[in-house]
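Under our numbering, residues 1 to 408 are what the sequence shown spells out, in order.
No residue lacks a Cβ here, since even glycine has one placed at the ideal position from N, Cα and C.
The next block holds one structure in the form of structure tokens; read it before the comments.
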Amino acid sequence: MSRIVLGVSGGVAAYKAGLLLRAFTEAGHDVRVVPTPSALHFVGAATFEALSGNPVTTDVWSDVDEVAHVRIGQTADLVVVAPATADLLARAAAGRADDLLTATLLTAHCPVVFVPAMHTEMWLHPATQENVATLRRRGAVVLPPAIGRLTGPDSGPGRFPEPPDIAALAAVVLSAGAGALPHDLSGRRVVISAGGTREPLDPVRYLGNRSSGKQGWALARVAAARGAEVVLVAANVELPAPFGVQVVPVGTAEELRTAMLAEAPGSDAVVMSAAVADFRPATVAGAKLKKGSAGEPDSVPLVRNPDVLVELVAQRRPGQLVVGFAAETGDDEADVLTHARAKLARKGCDLLVVNDVSGGQVFGRAENAVVVLAADGAATEIPLGPKDTIAAGIWDAIAPQLHRATQP
Ligand code: CTP
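Quick look at the structure:
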């Protein structure tokens, strides 16, 4: 259990802070909500008190004997300010201490995550952008806002990200520190495939696999939080699109191939985390296959699908990084890493993220453990942890290679 301070500033998205608070308490954390006085115009203190089970104060004049303006910040493991308005970002960047939340920000030794939400013009204004840059330079994590419908009929960057996405990224910072989400992928475009392809047999049946898409989603979320422009080619994943990420839905291996080959040329890194079916039924019946009918098959002949990763490696442009995934099990011939090294050489990619799936671990689970193999033989172990923390470790392995590749 960690002690989280949830700062809420006065924007209409304050009503969504209740959902974030719920996600934190359900994960077992002790949450102290510190709204600004203007946040209470949107959501009453009683809501935050009931959901957190803790008292709620906004000014430095309550519980003076407990010196709350110092103690709350000093004892926190993480401060998340969500939503962070333009005004709150400005006051935090200036080091003001004119309410309990800004005083708490000045006394917190722990990592701080800001979740800006505001109107597009306010977000894009140079004053706000400079305040964000100042806060990032001082070590805070400032998430980019989602792009989408705002309070009124208009749409653009400034929307509050979905609370489960924020909670997942907050968990990365809790477990690995603010340094796990640096703004180091700014100006980079990355394309990630996720999920599992489905190869149709007839209009209602398919050959599929058990990939949930969760690791690919975490990779997309973390890359976006680290400043990248992200395209997520998603094969049969039901999850809501992560904030700021462009999702291209696909079904079959062939559709995934077409989407990846179209998106890859304009990108700095290509990550193939999707489980692509190696085979598809040789023919697809135009009508449902019925028992006892003349068309009832007694076997299903399969043909090979193209290897998308190998094709991406073949069309890789100079400086571009291609990352593959491998789900491996050890056998009588070799252990997991030996198989993985052979696969890395066979596929020709720059990095291979290796999952040990002996015994069916991983599929659909929230946690994972991987080894990142590099073409030069280096192996980096990322221990068991939430999929977003694994994703942060994978980007840590990719980012230096990207920067090296684009250096003059
Ligand atoms: N992959 C792909 N196209 C395919 C099959 C796999 O692009 N038709 C990609 C996956 O997205 C992953 C990597 O290749 O990044 C490794 O996939 P895996 O299924 O483990 O490799 P295979 O080539 O199928 O090897 P094998 O079946 O021999 O283990």
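Roughly how far, in whole angstroms, is the beta-carbon of residue i from the beta-carbon of residue j, given that I think they are within contact range, below 8 Å?
i	j	result
residue 321	residue 405	6 Å
residue 146	residue 159	4 Å
residue 312	residue 379	That pair is no contact at about 22 Å.
residue 120	residue 150	7 Å
residue 279	residue 310	About 16 Å; that fails the 8 Å criterion.
residue 409	residue 105	No statement about residue 409 is possible, as the shown extent of the chain runs from 1 to 408 and does not include it.
residue 10	residue 36	5 Å
residue 274	residue 211	7 Å
At the level of alpha carbons, what is the spacing between residue i and residue j?
i	j	result
residue 110	residue 79	7 Å
residue 355	residue 382	10 Å
residue 142	residue 116	7 Å
residue 219	residue 391	5 Å
residue 374	residue 245	27 Å
residue 300	residue 255	21 Å
residue 5	residue 156	29 Å
residue 23	residue 164	7 Å
residue 295	residue 20	53 Å
residue 57	residue 29	19 Å
residue 221	residue 237	15 Å
residue 47	residue 61	21 Å
residue 201	residue 292	17 Å
residue 284	residue 276	18 Å
Could you have a look at residue i and say whether DSSP puts it in helix, strand or coil?
i	result
residue 108	coil
residue 165	helix
residue 305	coil
residue 272	strand
residue 195	strand
residue 145	coil
residue 114	strand
residue 24	helix
residue 155	strand
residue 6	strand
residue 298	coil
residue 285	coil
residue 34	strand
To test your reading of the DSSP string, which unbroken beta strand (DSSP E) runs of 3 or more residues are found completely within the stretch 205-270? 229-235 and 245-250
Pick out the complete beta strand (DSSP E) segments inside the stretch 309-365, 3 residues or longer, and give them in chain order. 321-328 and 351-356
What are the start and end residues of each continuous alpha helix (DSSP H) run of 4 or more residues lying completely inside the stretch 361-394, in chain order? none
Only counting runs of 4 or more residues, tell me where the alpha helix (DSSP H) segments fall wholly within the stretch 48-87, in order along the chain. 68-74
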